[in-house]
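Report on the following structure.
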Amino acid sequence: MPIEYQDVVRTGVARQVADKIRAAILDGRLQIDERLPTEEDLAKSFGISRPTVREALKRLAAQNLIRSQRGPTGGTFVSRPDPEGLSSAITGAATLLVGVGAFDIDEIIGARLETEAICCRLACERRSDADLAAMRTEITLQRGSSLSDEDFCASDVRFHRAVVQAAGNGPLSLMMYTVVEAFMPITNMIVSQVRERRTVADFHERLAAALEARDSAAASGVLAELLTYLRDSYATALKRRDEREAKRG
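The sequence shown begins at -12 in the working numbering and counts up by one.
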């Protein structure tokens, strides 16, 4: 369906053009896999230069809304929705917010407890043997003595991602992607020096066992214990940091 191009002001033209095309994609005027007009045609329609059009298209590509295809039948096309790409964009924004202190640890722990508890309940009903195998692969890795702090944190994230995956709910997985991928790495690196890896692995083992037994009450209880332990570890890490800074001062 053709887009009705309205005049755009000259401040931030590329962003405005990108916003107009994005709106056309989101409201259905531009359909999935539909070819966009050429750079030249877009430039004429908007009354702007081709480099400005190119910049607008780069913005849309970065949001996974369009894709380029080469060859005789090539061009720029509206992309099929990509949950992974959307999740990555949300995670990037959430990571930035965590980094600037927009959320405190109690908010993060609370969000994890409420949302991951739902995942645990659903996982008890829907988990597969493959889901359990993925969790136990990470538990085995976490018990290794040669694992670096960074690799342990990455394994921790993968374990909880497996729990979310076992829930078998697409929209919930999208929401949890932000919690797991954005919130966990930052808090993990802060507490890595004070938490006991064996304790975390033990919690994970108990959680996997509860999911295997399809015991949602036990799974939620273990999750609550784990997050309380992480909250306490976080508080200890911050206290030690403050003490070090006080000594330097």
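Note that the Cβ used here is the ideal one computed from N, Cα and C, for glycine as well.
* Which value, in whole angstroms, describes the spacing of the CA atoms of ASP219 and GLU137? -> 20 Å
* Using CA coordinates, which residue listed in GLY15, ASP202, ASP189 and GLU112 is at the minimum distance from GLU212? -> ASP189
* How far does the alpha helix (DSSP H) with SER32 in it reach, from first residue to last? -> 26 to 33
* **Option nearest SER142 by Cα separation, candidates ILE8, SER160, ARG184 and ARG231** => ARG184
* Pick from GLY157, LEU109, MET176 and LEU84: whose alpha carbon is nearest that of VAL144? -> MET176
* Asked: Going by the CB atoms, is the gap between SER207 and ALA98 shorter than 8 Å?
  -> no
* In terms of residues, what are the limits of the alpha helix (DSSP H) holding PHE190? -> 184 to 199
* Asked: Looking at the unbroken beta strand (DSSP E) that takes in THR63, where does it start and where does it end?
  -> 62 to 65
* Considering only residues of the same chain and omitting the five flanking positions on each side of SER36, which have a CB-CB separation below 8 Å? -> ALA30
* Asked: Do you know whose CA, among ARG22, PHE33 and LEU84, lies nearest GLN3's CA?
  -> PHE33
* Where do the ends of the alpha helix (DSSP H) carrying SER207 lie? -> 203 to 235
* To do: Give a yes or no on whether the C-beta atoms belonging to ARG201 and CYS111 are separated by under 8 Å.
  => yes
* To do: Leaving out five residues on either side along the sequence, give the residues of the same chain with a beta carbon under 6 Å from the beta carbon of ILE95.
  => PHE170
* When you compare each of ALA10, ALA89, ILE92 and PHE146 to ALA195 by their alpha carbons, which one comes out closest? -> PHE146
* Asked: So, using beta-carbon positions, are GLY62 and ARG22 closer together than 8 Å?
  -> yes
* Asked: Counting Cβ pairs closer than 8 Å, one from the region 151 to 170 and one from the region 126 to 134, do we hit at least three?
  -> no
* THR215 and VAL181 look like a contact to me (Cβ under 8 Å); what is the Cβ gap, rounded to whole Å? -> Incorrect: roughly 14 Å between the Cβ atoms, too far for contact.
* Identify whether ARG54 lies in helix, strand or coil by the three-state DSSP scheme. => strand
* To do: Please check the pair ARG57 and SER66, which I expect to be a contact at CB under 8 Å, by giving their CB distance rounded to whole angstroms.
  => Rounded, the Cβ-Cβ distance is 16 Å, inconsistent with contact.
* To do: Taking only the alpha-carbon atoms, compute the straight-line gap between THR(-2) and GLY88 and give it to the nearest angstrom.
  => Note on THR(-2): pLDDT 48, under 50, position unreliable in the model; the coordinate value appears next. Rounded to whole angstroms, THR(-2) to GLY88 spans 31 Å at the Cα level.
* To do: Report yes if the CB atom of ILE19 is closer than 8 Å to the CB atom of LEU52, and no otherwise.
  => no
* Tell me, to the nearest whole angstrom, how far the beta carbon of ALA1 is from that of GLU42; I am working on the premise that it is less than 8 Å. => 4 Å
* Asked: So what does ARG22 bridge to, in DSSP terms?
  -> PHE64
* State the Cα-Cα distance for the pair VAL40 and ASP14, rounded to the nearest angstrom. => 21 Å
* Report buried or exposed for ALA121, applying the criterion of at least 16 other Cβ atoms within 10 angstroms of its Cβ. => buried
* Helix, strand or coil for GLU89 per DSSP? -> A small fix is needed here, since residue 89 is Ala in this sequence, not Glu. It is coil, neither helix nor strand.
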